[in-house]
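The sequence shown maps to residues 2 to 397 in the numbering used here.
Idealized CB from N, CA, C, for every residue including glycine.
Since we're looking at a predicted model, the values are computed, not measured.
Shown next, in C-alpha cells, is the structure this report addresses.
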Amino acid sequence: MDRSAPWDYPEPLAVGSAPVPEYGSGSLADLLPTLAAGMAVPGMTAAIPELAPADRNCVFLVDGLGWEQIRSHPDEAPYLHALLGSSRGGTGRPLTAGYPATTATSLASVGTGLPPGAHGLPGYTVRNPATGELMNQLRWQPWSPPGAWQPYPTVFELAHRAGVHAAQVSSPTFQNTPLTKVALSGGTFHGRLTGEERMDLAAEQLAAGDRSLVYTYYAELDGAGHRYGVASDTWRGQLMYVDRLVQRLAEQLPPRSALYVTADHGMVDVPFDEEHRIDFDADWELRAGVALLGGEGRARHVYAVPGAADDVLTCWREVLGEQFWVASRDEAIEAGWFGPQVDERVYLRLGDVVAAARDDVLIIASEREPKESAMVGNHGSMTPAEQFVPLLEVRS
C-alpha cells in the first residue's frame, strides 16, 4: 500500500461486515454438546439441529482440513469428497471454526463446548493479565496453572460422569500437555503413534460401551500446509493419506455409531512479498504505541502501552483497514467475534486492538516470530478458506 498520501487512505472495512462464526447453532463449540445431548448427558443442549442422535459417537478431527480444501481436491480425497453431501446432518453445509480459526482455540471450543470468550483460549498467543507476558496457548509457554486459565469441565468429563464411555485416541505426545488437560480431558487417553493404529483403536473404543464418545486426531496435514502450502505435492500427499484413514475408520464402525470428520481450521497460502507480508518489526507506524504483539499473522491481538489504545486503533485502521477488519476490544466483543459473551477473566486477554485479515495478507514479525513468519500456509481469520470446516458423517 502506498502511504505517501496519508490523507487519502481507503475507507476501512466496517467491523460489522466481518462474517462472524455461527456460535450457538453451527460452530465447532456446538458439536460435542449436541452429540452428548443425544446420549442423554445432563446439561447438554442439541445446538446443531441437523444432527440425529446416536448411541456411539466418534469425532475425528484432522488438523487443517478445511471445507474448501476438500472441495478443491476431489482426486486426492475421493472418499472425503463423496461425503461432502453428508456434512452437517445431510445439509451439505460446513461448520464454522470460531474466531480465531487456530488450533488451540478450536480444540478448546471442541472439548469444552464453549466459544472462545468463555473458555478463554482466544488466540495463538495472548497476554496473561496477571503477568503482562504473552502466553503461547498451543505450547503453554510460559506455564500457567491450567485449571485457573480454563476452569470449565470438558464435555468428555461430563459424559464420563453420566456413564458414557469417553476416550481420546491421539499421539502419545499429547497425553499430559496442559492444552489436553484444559480442552480434551475426561475418560481415558490412549496414545498410538501411527494413523492406522489410531483408527483401529478408535473403532474398538466406540464398541467398548453401549454409549460411547470417542475423539481421535491427526496433525500432520496441518504441518505440511504450514511448511509447504496447500498447493504443494507434500500437502496433497498428506490429504491422500487422511482420505484412506477416514475410510479405514468408517469401515470398522460398530453398530449404532456415527462418525464425524471435522477440523480446527482451513488454510490459505500467502505469497512471499512485501505486499502480502507486512512486517511489524520493520514498520514504525504499526509499532508506534504497541507494547505487545499477540495472535498470529492473520488474527492479531495488539496490546497498547497505557493511554495509547485509541491512537493504535486509529493507526492500524488507516494502514490496514482496507485488508483487515480492525476493531477495538469492545467492538470485537460487541460484534460477537469471540462468542455471545466474554468472561471477565478473559476480557484483558484480548488485544486492545484486534485485527482479522480479509485478503491474502499477513502481519508477520520477522524478528520476534521468525518461524511463524516463514510459514507458507496460514490461518486464523474469518474468511471461508479458514473458517469453514467439514462435519462429514458416516453411520452404521
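{"Item": "What's the gap between the Cα of Ser186 and the Cα of Cys59?", "Value": "15 Å"}
{"Item": "I need the boundaries of the alpha helix (DSSP H) containing Thr113, first residue and last residue.", "Value": "Thr104 to Thr113"}
{"Item": "To which residues does DSSP link Val468 through a beta bridge?", "Value": "Residue coverage of the chain in this structure runs from 2 to 397, which leaves residue 468 outside it and unanswerable."}
{"Item": "Please identify the residue among Leu85, Thr97 and Glu158 whose C-alpha is closest to the C-alpha of Leu393.", "Value": "Leu85"}
{"Item": "Give the range of the beta strand (DSSP E) segment to which Ala259 is assigned.", "Value": "Ser258 to Thr263"}
{"Item": "Who are the Cβ neighbours of Gly133 in its own chain at under 7 Å, not counting the five residues just before and after it?", "Value": "none"}
{"Item": "For the alpha helix (DSSP H) containing Arg72, name the first residue and the last one.", "Value": "Trp68 to Arg72"}
{"Item": "Determine the burial state of Val377: buried for a count of at least 16 other Cβ atoms within 10 Å of its Cβ, exposed for fewer.", "Value": "buried"}
{"Item": "Taking the alpha-carbon positions, what's the Tyr153 to Glu275 distance?", "Value": "42 Å"}
{"Item": "Is the separation between the beta-carbon of Ala289 and that of Tyr304 shorter than 8 Å?", "Value": "no"}
{"Item": "Just to confirm, are Pro179 and Ser397 a CB contact at a threshold of 8 Å?", "Value": "no"}
{"Item": "Are Thr97 and Leu122 close, meaning C-beta to C-beta below 8 Å?", "Value": "no"}
{"Item": "I'd like to know whether the C-beta atoms of Pro117 and Gly99 end up nearer to each other than 8 Å.", "Value": "yes"}
{"Item": "Report yes if the C-beta of Met241 is less than 7 Å from at least one heavy atom of the ligand COA; otherwise report no.", "Value": "The model depicted lacks the ligand COA and carries no ligand whatsoever."}
{"Item": "Under the assumption that Ala356 contacts Phe325 (Cβ atoms under 8 Å), give the Cβ distance between them as a whole number of angstroms.", "Value": "5 Å"}
{"Item": "Return the first residue and the last residue of the beta strand (DSSP E) that Met136 is part of.", "Value": "Leu135 to Asn137"}
{"Item": "Give the DSSP-derived three-state secondary structure of Thr174 in the structure shown.", "Value": "helix"}
{"Item": "Considering Arg140, what are the terminal residues of the beta strand (DSSP E) in which it resides?", "Value": "Segment: none, Arg140 is in no beta strand (DSSP E) and carries neither H nor E."}
{"Item": "Tell me whether Ala177 is buried or exposed, calling it buried when 16 or more other Cβ atoms sit within 10 Å of its Cβ.", "Value": "Looking at the sequence shown, residue 177 is not Ala but Asn. It is exposed - the Cβ of Asn177 has fewer than 16 other Cβ atoms within 10 Å."}
{"Item": "Tell me, please, whether the segment 181-198 touches the segment 29-40 by the rule of three or more beta-carbon pairs shorter than 8 Å.", "Value": "no"}
{"Item": "Buried or exposed for Asp409, going by 16 or more other Cβ atoms inside 10 Å?", "Value": "An answer regarding residue 409 cannot be provided, because it is not within the stretch 2 to 397 covered by the chain."}
{"Item": "Spatial neighbours of Met200 within its chain, please: CB distance less than 6 Å, with the 5 preceding and 5 following residues excluded, ordered by chain position.", "Value": "Leu246, Arg249 and Leu250"}
{"Item": "DSSP three-state label for Trp326, please.", "Value": "strand"}
{"Item": "Just verifying my parser: in three-state terms, what is the DSSP assignment at Thr181?", "Value": "helix"}
{"Item": "Thinking C-beta only, is Leu139 closer than 8 Å to Val271?", "Value": "no"}
{"Item": "Out of Glu51, Tyr242 and Phe281, state which residue places its alpha-carbon closest to the alpha-carbon of Arg369.", "Value": "Phe281"}
{"Item": "In terms of residue numbering, what span does the alpha helix (DSSP H) encompassing Val247 cover?", "Value": "Asp234 to Ala251"}
{"Item": "Which whole-angstrom value describes the C-beta separation of Leu32 and Thr263, a residue pair presumed to lie in contact below a C-beta threshold of 8 Å?", "Value": "7 Å"}
{"Item": "Give the secondary structure of Val354 by DSSP, where H, G and I count as helix, E and B as strand, and everything else as coil.", "Value": "strand"}
{"Item": "Spatial neighbours of Glu387 within its chain, please: CB distance less than 8 Å, with the 5 preceding and 5 following residues excluded, ordered by chain position.", "Value": "Gly67, Ala98, Ala102, His266, Gly267, Met268, Val269, Arg299, His380 and Gly381"}
{"Item": "Mapping the DSSP letters down to three states, classify Ser88 as helix, strand or coil.", "Value": "helix"}
{"Item": "Taking 8 Å as the cut-off, decide whether the C-beta atoms of Pro34 and Ala48 are in contact.", "Value": "yes"}
{"Item": "Can you tell me which of the three DSSP states Tyr229 falls into?", "Value": "helix"}
{"Item": "Helix, strand or coil: how does DSSP classify Asp311 here?", "Value": "helix"}
{"Item": "Judging by CA-CA distance, which residue of Ala336, Trp285 and Pro143 is the nearest neighbour of Ser125?", "Value": "Going by the sequence as given, residue 125 is Tyr instead of Ser. With distances taken between Cα atoms, Tyr125 lies closest to Pro143."}
{"Item": "Would you kindly report the start and end of the unbroken beta strand (DSSP E) that includes Tyr304?", "Value": "Ala300 to Ala305"}
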